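Numbers 0 to 411, taken from numbering that gives the first Met the number 0, label the letters of the sequence shown in order. A virtual CB, placed ideally from N, CA and C, is assigned to each residue, including glycine. In this text the structure is predicted, and so the values were computed from the model without any measurement. What follows is a short report on a single structure.
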Amino acid sequence: MRSVIDEATREIKISELFDNDTVRCPQAAYSELRSKCPVGRTQLIGTIMVSRFEDVAWGLRHPEIFSSEMDAQMKLGNPRPMIPQQMDPPGQTRYRRLLDPLFSRKRMLALEPAVRRHASDLIDEFAAKGECEFDEAFAIPLPCTAFLALFGLPISDLPTFLEMKDGIIRPAKFLDPPEPTAESMAAHGDAQVAHRKKTAEAMFAYFEEEIAKSQGRHRDDLLGALLTAEIDGVKLTHEEILDICFLLLIAGLDTVTATLGCNIAYLAGNPGQRERITRDPKLIPAAVEELLRWETPVTAVPRLVKQDVTLRDFDIKAGEVVTFLIGAANTDDEHFRNAQQVDFDRGRNVHMAFGAGPHRCLGSHLARMELQVAMEEWHRRIPEYRIKAGETPTYSPGIREVMYLPLEWNPS
Ligand code: HEM
Numbered sequence: 000m001r002s003v004i005d006e007a008t009r010e011i012k013i014s015e016l017f018d019n020d021t022v023r024c025p026q027a028a029y030s031e032l033r034s035k036c037p038v039g040r041t042q043l044i045g046t047i048m049v050s051r052f053e054d055v056a057w058g059l060r061h062p063e064i065f066s067s068e069m070d071a072q073m074k075l076g077n078p079r080p081m082i083p084q085q086m087d088p089p090g091q092t093r094y095r096r097l098l099d100p101l102f103s104r105k106r107m108l109a110l111e112p113a114v115r116r117h118a119s120d121l122i123d124e125f126a127a128k129g130e131c132e133f134d135e136a137f138a139i140p141l142p143c144t145a146f147l148a149l150f151g152l153p154i155s156d157l158p159t160f161l162e163m164k165d166g167i168i169r170p171a172k173f174l175d176p177p178e179p180t181a182e183s184m185a186a187h188g189d190a191q192v193a194h195r196k197k198t199a200e201a202m203f204a205y206f207e208e209e210i211a212k213s214q215g216r217h218r219d220d221l222l223g224a225l226l227t228a229e230i231d232g233v234k235l236t237h238e239e240i241l242d243i244c245f246l247l248l249i250a251g252l253d254t255v256t257a258t259l260g261c262n263i264a265y266l267a268g269n270p271g272q273r274e275r276i277t278r279d280p281k282l283i284p285a286a287v288e289e290l291l292r293w294e295t296p297v298t299a300v301p302r303l304v305k306q307d308v309t310l311r312d313f314d315i316k317a318g319e320v321v322t323f324l325i326g327a328a329n330t331d332d333e334h335f336r337n338a339q340q341v342d343f344d345r346g347r348n349v350h351m352a353f354g355a356g357p358h359r360c361l362g363s364h365l366a367r368m369e370l371q372v373a374m375e376e377w378h379r380r381i382p383e384y385r386i387k388a389g390e391t392p393t394y395s396p397g398i399r400e401v402m403y404l405p406l407e408w409n410p411s
């Protein structure tokens with residue numbers, strides 16, 4: 000592995016950290032950061048990265064220092080800050096008090112039969128072929144169908160949802176050409192911003208229409224709950240509901256897709272562990288937790304510094320951006336026994352794949368249910384699979400998604 004630290008300047012080499020090989024297997028780079036540069040500045044972009052479990056957990060629990068009011072830094076086409084992610088307590092806490100019960104484990108388990116049916120229907124499409132590109136065939140559509148079930152929306156809206164999600168998260172996909180040249184860099188950036196804005200408007204119009212259709216009828220779904228919910232006796236405005244829906248679309252789809260891809264790619268490359276869970280599916284919940292820890296698909300979360308602070312002798316100034324590397328924290332030997340081993344028998348597994356502190360993932364119960372159901376259905380129907388001969392999966396940085404995961408198996 001090439002070093003991710005510049006020995007002369009003690010800065011973190013972002014080009015090495017985002018290099019294809021590092022993104023595929025980032026754990027060695029995480030180890031180097033934790034031991035040699037637990038708090039350090041990145042070359043080129045200048046943000047500060049924090050990598051030890053103890054420091055990441057502390058930072059995420061101090062929103063008065065490390066703020067989530069990142070609206071100006073993270074423009075995704077939304078006209079207002081996303082609720083509740085781009086807010087700090089106490090305003091954020093008021094929304095979480097309302098939203099947490101709507102995403103309780105019990106409510107999410109009620110969606111399980113629908114998610115299981117959708118997973119099985121998707122597998123029907125390709126099981127007999129003996130091959131598929133996992134992302135396209137399974138990992139992308141499954142969380143979207145779960146989302147439609149959550150919102151009580153028809154499955155026929157799946158293509159619309161997929162386009163809205165991608166239009167905001169990866170607008171370049173819709174541009175011609177999708178990759179900028181050295182000369183078209185600035186224009187390409189502007190075109191991406193414009194596409195995001197257009198998609199956000201279409202998404203807001205979609206939910207506005209759905210809200211209008213709900214007038215005078217009872218909806219037994221998330222949108223119905225948001226329409227009747229109150230904070231201190233006052234109902235949410237349409238704008239607030241739209242800002243919540245926008246965030247859910249951004250936060251709840253790609254994350255599950257990415258996790259599914261990382262899990263299956265790992266198991267395809269580690270047949271011994273794959274066989275263990277196909278022989279004993281009761282291991283799946285523990286395997287899901289351990290792979291969330293090891294793979295940590297949401298590798299990092301950013302914060303805006305509100306007051307000067309010193310972390311491990313590193314002076315951080317108000318106005319700077321800090322990136323908390325939860326992937327590095329989750330493989331910290333100081334916190335986990337045998338941290339560098341993937342161990343489905345780990346038992347207690349207090350990882351930070353869903354974040355920590357006031358912004359800890361709102362959708363963790365939904366995500367866990369989706370991941371467990373997907374892993375159960377997949378391994379029940381396709382117990383033995385491998386990466387297609389001669390192919391190499393490709394991973395993206397930031398959110399570690401396996402963008403290309405060609406699999407093959409012997410159809411029964
Ligand atoms: C395996 C899948 C998932 C992973 C790994 C994941 C990870 C995370 C992480 C690390 C955060 C903290 C962000 C921060 O501190 O700034 C977060 C927040 C959030 N997640 Fe998830 N997430 C997943 C699935 C979901 C799903 C399915 C939903 C909803 C349907 C969801 C909704 C949210 C929301 C709304 C927040 C913001 C909470 C707040 O700011 O109070 N996530 N997620």
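{"query": "Extent of the continuous beta strand (DSSP E) to which Cys131 belongs", "result": "Glu130 to Glu132"}
{"query": "Where Thr322 falls: helix, strand or coil (DSSP)", "result": "strand"}
{"query": "C-alpha gap between Lys305 and Ile82, whole angstroms", "result": "20 Å"}
{"query": "CB of Leu241 within 7 Å of CB of Phe203, strictly", "result": "yes"}
{"query": "Check whether Lys164 and Leu98 have beta carbons under 7 Å apart", "result": "no"}
{"query": "Local conformation of Ser66 per DSSP, three classes", "result": "strand"}
{"query": "Terminal residues of the beta strand (DSSP E) in which Val38 lies", "result": "Val38 to Arg40"}
{"query": "Heavy atom of the ligand HEM within 6 Å of Leu266 beta-carbon", "result": "no"}
{"query": "Contained alpha helix (DSSP H) runs [length at least 4] in the segment 341-406, N- to C-terminal order", "result": "363-380"}
{"query": "Arg79 to Phe17 span [Cα, whole Å]", "result": "30 Å"}
{"query": "4-residue-minimum alpha helix (DSSP H) runs that sit fully inside the segment 148-209, ordered along the chain", "result": "157-168"}
{"query": "Proximity below 7 Å, CB of Ala328 to CB of Val55", "result": "yes"}
{"query": "Closer than 6 Å: Phe335 CB and nearest the ligand HEM heavy atom", "result": "no"}
{"query": "Residues that Phe313 bridges to, as DSSP identifies them", "result": "Leu310"}
{"query": "Residue closest to Val320, alpha-carbon to alpha-carbon, out of Phe335, His334, Gln340 and Ala299", "result": "Ala299"}
{"query": "CB contact flag (Arg169, Ala257, <7 Å)", "result": "no"}
{"query": "Own chain partners of Leu161 with C-beta closer than 8 Å, once the 5 adjacent residues on each side are dropped", "result": "Ile139, Pro140 and Cys143"}
{"query": "DSSP state of Ala118 mapped onto helix, strand, coil", "result": "helix"}
{"query": "Ala56: CB within 6 Å of a non-hydrogen atom of the ligand HEM", "result": "no"}
{"query": "Buried versus exposed call for Arg379 [16 or more other C-beta atoms within 10 Å across all chains shown]", "result": "exposed"}
{"query": "Rounded separation between Glu463 and Cys36 - CA only", "result": "The first residue shown for the chain is 0 and the last is 411, placing residue 463 beyond what the model contains."}
{"query": "Sufficient close CB pairs (3 or more, under 8 Å) joining the segment 117-137 to the segment 258-277", "result": "yes"}
{"query": "Euclidean distance between Cα positions of Ala113 and Met374", "result": "15 Å"}
{"query": "Contact check, Thr295 vs Ile276, beta carbons under 7 Å", "result": "no"}
{"query": "DSSP state of Ala224 mapped onto helix, strand, coil", "result": "helix"}
{"query": "Per DSSP, cross-strand counterpart(s) of Val49", "result": "Val38 and Phe323"}
{"query": "Three CB pairs or more closer than 8 Å across the segment 272-290 and the segment 331-338", "result": "no"}
{"query": "Beta bridge counterpart(s) of Asp5 as assigned by DSSP", "result": "Glu10"}
{"query": "Straight-line gap, Phe206 to Leu152 (C-alpha atoms, nearest Å)", "result": "10 Å"}
{"query": "C-alpha gap between Arg359 and Phe353, whole angstroms", "result": "6 Å"}
{"query": "Beta-bridge pairing of Pro301 - partner residues as DSSP gives them", "result": "Thr322"}
{"query": "Where the alpha helix (DSSP H) containing Lys105 begins and where it ends", "result": "Arg104 to Leu108"}
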